[in-house]
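Engineer:
2 protein chains.
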Amino acid sequence: MKSFTEILEAYSKLSKEDTASLKKKILIKSIPKGTLLQRQGDLNSNVYYVKKGLLRSYSIDEKGKEHIFLFAPEGWTMADGESHEKPTDLFIETLEDCELEILNKRILVNEFTSATNASEVERSKSLLRRIAVMQKRIIMLMSASALERYEHFTKMYPQILQRVPQKMIASYLGITPEALSKVKNQRVNK
Amino acid sequence: MKSFTEILEAYSKLSKEDTASLKKKILIKSIPKGTLLQRQGDLNSNVYYVKKGLLRSYSIDEKGKEHIFLFAPEGWTMADGESHEKPTDLFIETLEDCELEILNKRILVNEFTSATNASEVERSKSLLRRIAVMQKRIIMLMSASALERYEHFTKMYPQILQRVPQKMIASYLGITPEALSKVKNQRVNK
DNA sequence: CGTGGAGTTGAATACGATCAACACCGGTGG
DNA sequence: CCACCGGTGTTGATCGTATTCAACTCCACG
Numbered sequence: 010m011k012s013f014t015e016i017l018e019a020y021s022k023l024s025k026e027d028t029a030s031l032k033k034k035i036l037i038k039s040i041p042k043g044t045l046l047q048r049q050g051d052l053n054s055n056v057y058y059v060k061k062g063l064l065r066s067y068s069i070d071e072k073g074k075e076h077i078f079l080f081a082p083e084g085w086t087m088a089d090g091e092s093h094e095k096p097t098d099l100f101i102e103t104l105e106d107c108e109l110e111i112l113n114k115r116i117l118v119n120e121f122t123s124a125t126n127a128s129e130v131e132r133s134k135s136l137l138r139r140i141a142v143m144q145k146r147i148i149m150l151m152s153a154s155a156l157e158r159y160e161h162f163t164k165m166y167p168q169i170l171q172r173v174p175q176k177m178i179a180s181y182l183g184i185t186p187e188a189l190s191k192v193k194n195q196r197v198n199k
Numbered sequence: 010m011k012s013f014t015e016i017l018e019a020y021s022k023l024s025k026e027d028t029a030s031l032k033k034k035i036l037i038k039s040i041p042k043g044t045l046l047q048r049q050g051d052l053n054s055n056v057y058y059v060k061k062g063l064l065r066s067y068s069i070d071e072k073g074k075e076h077i078f079l080f081a082p083e084g085w086t087m088a089d090g091e092s093h094e095k096p097t098d099l100f101i102e103t104l105e106d107c108e109l110e111i112l113n114k115r116i117l118v119n120e121f122t123s124a125t126n127a128s129e130v131e132r133s134k135s136l137l138r139r140i141a142v143m144q145k146r147i148i149m150l151m152s153a154s155a156l157e158r159y160e161h162f163t164k165m166y167p168q169i170l171q172r173v174p175q176k177m178i179a180s181y182l183g184i185t186p187e188a189l190s191k192v193k194n195q196r197v198n199k
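As you go down the protein sequences, you meet chains A and B in turn.
The first sequence: position 22 = 31 (our numbering), numbered continuously.
The second sequence: position 23 = 32 (our numbering), numbered continuously.
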């Protein structure tokens, strides 16, 4: 995975001024072990490229349990949040002393969108949305019981619920059809 | 979510010739319920935009079990595979009679990369790689036991294994620290 | 030293998987 | 028109895996 500056250097078609101005906005920082870089609910998140050290991102569910979402060792980038407008879902923390390249997401989006074309922006947005959906799914699979997953699904995708056989819902939720059938009964008895 | 043609129409900065040539390559097809559009291991995959109907993507694990990865109703796009060079991980199937916009991935990549700048291509690639990782993680969470997840982790991320406390590995795998400890014992007794 | 976090072990429990039997259609062919 | 069939969903009994809770060891670090 290439670092921000490497990407910028590989830039062939962006103008020199754009490249230079964006490059100025990348912070390079040394940050000690155990620092919280971002917390759940933060607006205005950053993107981190790990030059040295190790990061983790994690969420804390309603029951107070931590779920690690991703480790990012040297050469990886860590980011969270579909857009720079919505609050983040994850905490990001240094697990070792780190050297990081830090790029503010709002700046990233603004600079890039002005320097590039509409279709690519659209494409990126759609990929980011997809990532956000998958991220929520992973947290769900790690933290929620069969019942909770089902209730979440019914809320999120009522239109799909009525159009596919139950066993496929079960398969999507990661449980057996029998388990789903039983879970639905528990549910009406409340 | 915008359809391919809508995106193309929103295009402001791509040249007219590029837009027109790409537009020609989008197939619009009606496809009956129950058709397999793509199977696990296919090369040369497509991207599908659902104008009408419903798609599902799923994988089949070593034990022969199906796991639904995603439903795509009207207005969603369905795609799989990090790049057009690697074999796909998923089956894609129509669950209803569908009307689809179909765009070949290789064509998409070739046209776009020639018409856009290096940094955006780099950015897209990095997002696609991230999606591929998450996709594998979801399949893993749905299909693998604690032991299998741990063994997979040790193979994939040996460098991380030695740098973080075990309870964090457990948290990443979606199991309790106690369970991980027990799983490791089972393991040496073989 | 002594204290607290990390890891291990064991016992009891809970949750979902598996297996088997059965009810309920919806469609097909006799 | 009805009988049959396969697929879907339900229910119950049993089993297995992971969770929970508690006790204990072992360091690392003050």
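Glycine residues also receive a C-beta, built at the ideal position from the N, C-alpha and C atoms.
Who are the neighbours of Q171/A on chain B, taking C-beta pairs under 8 Å?
Structural biologist: In chain order: nothing, as chain B lies at least about 11 Å away.
Engineer: Closer than 8 Å, CB to CB, is S180/A near chain B or not?
Structural biologist: yes
Engineer: Would you please state the rounded distance, in angstroms, between the beta carbons of L45/B and E110/B? I believe it to be under 8 Å.
Structural biologist: Going by Cβ atoms, the distance from L45/B to E110/B rounds to 18 Å, so no, they are not a contact pair.
Engineer: From the DSSP output, in three-state form, read off L63/B for me.
Structural biologist: coil
Engineer: Please confirm whether L99/A has its beta-carbon closer than 8 Å to some beta-carbon of chain B.
Structural biologist: no
Engineer: Under the three-state reduction of DSSP, which class applies to T14/B: helix, strand or coil?
Structural biologist: helix
Engineer: Taking the CB atoms as reference points, tell me whether T86/B and D51/B lie closer together than 8 Å.
Structural biologist: no
Engineer: Report the residues of the stretch 139 to 157 of chain B with a CB closer than 9 Å to any CB of chain A, ordered along the chain.
Structural biologist: Within the stretch 139 to 157 of chain B, the residues whose Cβ lies closer than 9 Å to some Cβ of chain A are R139, I140, V142, M143, Q144, R146, I147, L150, M151 and S152, listed in chain order.
Engineer: In chain order, which continuous runs of the alpha helix (DSSP H) of length 4 or greater are located wholly inside the stretch 79 to 159 of chain B?
Structural biologist: 114 to 124 and 127 to 152
Engineer: Which of the residues in the stretch 49 to 80 of chain A, read from start to end, lie with their CB under 9 Å from any CB of chain B?
Structural biologist: Taking 9 Å as the Cβ-Cβ cut-off against chain B, the residues of the stretch 49 to 80 of chain A that qualify are L63, R65, Y67, K74, E75, H76, I77, F78, L79 and F80.
Engineer: Whole angstroms is fine: what's the gap from E71/B's alpha carbon to P186/B's?
Structural biologist: 27 Å
Engineer: Which chain A residues sit within Cβ distance under 7 Å of R132/B?
Structural biologist: S133
Engineer: Tell me the DSSP secondary structure of S21/A in three-state form.
Structural biologist: Its pLDDT being 47, under 50, S21/A is placed unreliably in this model, and the value from its coordinates should be taken loosely. S21/A falls in the coil class under three-state DSSP.
Engineer: Whole angstroms are fine: how far does the CA of V173/B sit from the CA of Y181/A?
Structural biologist: 32 Å
Engineer: Distance cutoff 8 Å, beta carbons only. Does L45/A sit that close to anything in chain B?
Structural biologist: no
Engineer: Leaving out five residues before and five after I148/B in sequence, what residues of the same chain have Cβ atoms less than 8 Å from its Cβ?
Structural biologist: S68, D70, H76, F78 and D98
Engineer: With a cut-off of 8 Å, does the C-beta of E187/A fall near any C-beta of chain B?
Structural biologist: no
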